[in-house]
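Novice: Residue numbers (this note's numbering): 258 to 925.
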């Protein structure tokens, strides 16, 4: 709506959106009553062609005046850089805002990101759900029009049960108050959410409990009600013997209830539900909720007892009967690939026991065959952890089974344990390689196998975990775990690795952009195709810090100058710098400064002290600038020319150890 108002050039203060399960609304404050007409200057013939010697209008002038619908006397002279011209200045008519609003509203509705729309009745109108009424008021006046084939009015409807009758709105500003006071509807999403949060906590306080508040569930429940009422329910205490996460999943995922904890973070046999009616029969609703949850918990208890009859390890062979992807084999095959890739990666984790990594890989998918995960899919990994401890597996292995799925979403934590990091990375990398190999590559908004999330999950784990992993090497190892019928010959495998690597770098660029890192900063570091994401991150952070220094611009300008000269020459072949061909004092001085800098900067690069290294490189700029001022690089002597280009190439190579500084934008 804001975009439409701006496009129509209407002045306003604020646009506020409101939403409930039954209504969408927009309140615009400070909206001007009219759209001021613009002044339009229409250019005509040049001044020297406008009038004859007697000062009378020429045919060109008469024709121009006629096209403007005025007499020649209404025209004026316009002065421009290209001379004087005849012109006509007119003003468009003012337009009433109320006349412009229907089109703006229709366009705003059409631009809503609705994936699937529906039709209703015998009309061709489409929307996310059938529309029964449309309110459109400008101040106190009805905006008389049709929107979605419905005639607008100033009548809305209240709560489906508390006030199903129409409510005549006095004005646009009275919308929220009238709906709440008369209609028993809280239209403000944020106000309703805060109210729910307060009500469930107040309800929990009655039993000295603390609500386990999941923000995603809170948003979902808030989107289901217009007049929230909290109801406390309870279940049989003997169900508390079930794993805590199973109980939470039964309440949150299936029933949309809020679990209650005690002060020690233990579950209490209570829950809080939010209903959409202030009922006189609250006890009936409570008993109904309790009855439904009891049935869920009874089933969960049965599944748990069944799972306790068999260990995770004994479920592994059954993975052969579960397809991972029709072209990529079964889950047993996937667990084998995870195990192979994970053990090959252990060399990068000297303190990690390879046997434990292997065990974690072997058991990584076993919990998918448990009854509990079948009933509560969100518990994959968590149940693996719980059952592994039950089976006497090492704690590190058990934790890794749960951490393999981290991070699950943007902002989620990465795996904390070393084995967890390994399994998390290889689990996602195996999926990336397999899906890319069979052509299941994300396109546009379509990413059915969540490969974008897998890619950034790998990168975040490496970067935030400060792991010195070479992604390209890991990808090559992952590729070799697949049948050659899938991955092809050596050339095809190399192409596949490059394709996935570039895809991951694209995701990493977006990740940094969302954090406020400029694209040119990332491009400067990526130019050398670094294969270790954490090292890339270190250099990127160094570049960002370096650019805050006032001297940074000097080094960047010098780098750009060197790069531009080298681009004009074919410098693909490396040649050694010949000291005996350094004739001019300034080139001798630069070569000496370079040699000193190479020795000075090497330990800084080895210890990844990139900010300090960039600071040291600044000291070269005076010698570089003097070299440019005093030495003719492109001289006639081919030997001198090549040697001077080699000198510049050596300097550029030194810069490139950190980033391609020439790609950085200089703010003037």
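Glycine included, each C-beta is placed from N, C-alpha and C at the ideal position. Keep in mind it's a predicted model, so treat the numbers as computed, not measured.
What does a CB cutoff of less than 6 angstroms around residue 793 pick up in its chain, not counting 5 residues either side in sequence?
Specialist: The residues are 782 and 787.
Novice: Cutting at 8 angstroms between CB atoms, please list the residues of its own chain near residue 898, excluding the five before and the five after it.
Specialist: Counting only Cβ-Cβ distances below 8 angstroms, and skipping sequence neighbours, we find 890, 891 and 892.
Novice: Just the C-alpha distance for residue 331 and residue 345, rounded to the nearest angstrom, thanks.
Specialist: So the alpha carbons of these two residues sit roughly 7 angstroms apart.
Novice: Return the CA-CA distance between residue 238 and residue 421, expressed in angstroms with no decimal places.
Specialist: In the structure displayed, the chain extends from 258 to 925; residue 238 sits before or after that span and is not available.
Novice: State the Cα-Cα distance for the pair residue 797 and residue 768, rounded to the nearest angstrom.
Specialist: Spanning the two alpha carbons is a distance of roughly 13 angstroms.
Novice: Give me, in chain order, the residues of the same chain whose beta-carbon lies closer than 8 angstroms to that of residue 913; leave out the 5 immediate sequence neighbours on both sides.
Specialist: The answer, listed in chain order, is 784 and 785.
Novice: Could you work out which residue in 362, 267 and 333 is closest to residue 274 when comparing CA atoms only?
Specialist: Minimum Cα distance to residue 274 is reached at 362.
Novice: Taking 7 angstroms as the limit between beta carbons, can you name the residues of its chain near residue 762, skipping five residues before and five after?
Specialist: Closer than 7 angstroms at the Cβ level, and outside the excluded window around residue 762, lie 783.
Novice: Going by DSSP, what residue range makes up the alpha helix (DSSP H) through residue 854?
Specialist: Its alpha helix (DSSP H) spans residues 842 to 863.
Novice: Hey, quick one: how far does the beta strand (DSSP E) through residue 271 stretch, first residue to last?
Specialist: Its beta strand (DSSP E) spans residues 271 to 277.
Novice: Select from 527, 754, 554 and 637 the residue whose C-alpha is nearest the C-alpha of residue 660.
Specialist: Among 527, 754, 554 and 637, the Cα nearest to that of residue 660 belongs to 637.
Novice: Measure the C-alpha to C-alpha separation of residue 866 and residue 873 and round it to an integer number of angstroms.
Specialist: Looking at the two C-alpha atoms, the distance is approximately 11 angstroms.
Novice: What span of residues does the alpha helix (DSSP H) with residue 691 cover, start to end?
Specialist: Element bounds for residue 691: 675 to 694.
Novice: For residue 577, report the span of its alpha helix (DSSP H) as first-last.
Specialist: Looking at the DSSP string, residue 577 is not in any alpha helix (DSSP H), and its letter there is neither H nor E.
Novice: When the distance is taken between beta carbons, is residue 633 closer than 9 angstroms to residue 468?
Specialist: Cβ atoms of residue 468 and residue 633: not closer than 9 angstroms.
Novice: Would you call residue 378 buried or exposed, if buried means 16 or more other Cβ atoms sit within 10 Å of its Cβ?
Specialist: It is exposed - the Cβ of residue 378 has fewer than 16 other Cβ atoms within 10 Å.
Novice: Leaving out the 5 sequence neighbours to the left and right, which residues in its chain are closer than 7 angstroms to residue 723 when beta-carbon positions are compared?
Specialist: Within the same chain, residue 723 has close Cβ partners 791.
Novice: Which full runs of the alpha helix (DSSP H) of 4+ residues lie inside the segment 719 to 762, going along the chain?
Specialist: Taking only runs of at least 4 residues, the alpha helix (DSSP H) segments lying wholly in the segment 719 to 762 are 728 to 737 and 741 to 744.
Novice: Taking the alpha carbon of residue 929 as the reference point, which residue from 778, 570, 387 and 730 has its own alpha carbon closest?
Specialist: The first residue shown for the chain is 258 and the last is 925, placing residue 929 beyond what the model contains.
Novice: Curious, which full-length beta strand (DSSP E) runs of at least 3 residues does the segment 566 to 652 contain?
Specialist: The segment 566 to 652 contains these whole beta strand (DSSP E) runs: 580 to 582.
Novice: Whole alpha helix (DSSP H) runs in the segment 306 to 346 with 4 or more residues, listed along the chain?
Specialist: 316 to 325, all fully within the segment 306 to 346.
Novice: Kindly indicate which three-state DSSP category residue 768 falls into: helix, strand or coil?
Specialist: If DSSP states are grouped into helix, strand and coil, residue 768 belongs with the helices.
Novice: Can you list, in chain order, the residues of its chain whose CB lies under 8 angstroms from that of residue 302, leaving out five sequence neighbours each side?
Specialist: Correct list, in chain order: 315, 317, 318, 321, 342 and 343.
Novice: Does the distance from the CB of residue 652 to the CB of residue 640 come in under 9 angstroms?
Specialist: Contact: no.
Novice: I'd like to know if the segment 587 to 604 and the segment 678 to 693 are in contact, where contact means that at least 3 CB-CB pairs between them fall below 8 angstroms.
Specialist: The segment 587 to 604 vs the segment 678 to 693: in contact.
Novice: Can you tell me where the alpha helix (DSSP H) holding residue 912 begins and where it ends?
Specialist: Looking at the DSSP string, the run of the alpha helix (DSSP H) that includes residue 912 is 895 to 913.
Novice: Assuming contact is defined by CB atoms lying nearer than 9 angstroms, are residue 388 and residue 369 in contact in what I supplied?
Specialist: Cβ atoms of residue 388 and residue 369: not closer than 9 angstroms.
Novice: Kindly list the residues whose CB is nearer than 6 angstroms to the CB of residue 475, restricted to its own chain and excluding five residues on each side of it in sequence; keep chain order.
Specialist: None.
Novice: With DSSP as the reference, label residue 832 as helix, strand or coil.
Specialist: Coil.
Novice: Counting only the same chain and skipping the five closest in sequence on each side, list residues whose C-beta sits under 6 angstroms from that of residue 553.
Specialist: Once the five neighbours on either side are set aside, the close Cβ partners of residue 553 are 507 and 511.
Novice: Can you grab the Cα-Cα spacing for the pair residue 279 / residue 380, in whole Å?
Specialist: Distance between the alpha carbons of residue 279 and residue 380 is about 21 angstroms.
Novice: Quick one: which unbroken alpha helix (DSSP H) runs of 4-plus residues sit fully inside the segment 773 to 833? Chain order, please.
Specialist: With a minimum length of 4 residues, the continuous alpha helix (DSSP H) runs that stay inside the segment 773 to 833 are 776 to 783, 790 to 803 and 809 to 824.
Novice: What span of residues does the beta strand (DSSP E) with residue 261 cover, start to end?
Specialist: Not the beta strand (DSSP E): residue 261 falls in the alpha helix (DSSP H), residues 259 to 264.
Novice: Would you kindly check if the distance between the Cβ of residue 527 and the Cβ of residue 499 is under 9 angstroms?
Specialist: Against a cut-off of 9 angstroms, the Cβ pair of residue 527 and residue 499 comes out as no contact.
Novice: Considering just the uninterrupted stretch of the alpha helix (DSSP H) at residue 446, what are its terminal residues?
Specialist: Where residue 446 is concerned, the enclosing alpha helix (DSSP H) stretches over 446 to 462.
Novice: Bridge partners of residue 284, per DSSP?
Specialist: In the DSSP output, where bridge partners are listed per residue, residue 284 has 273.
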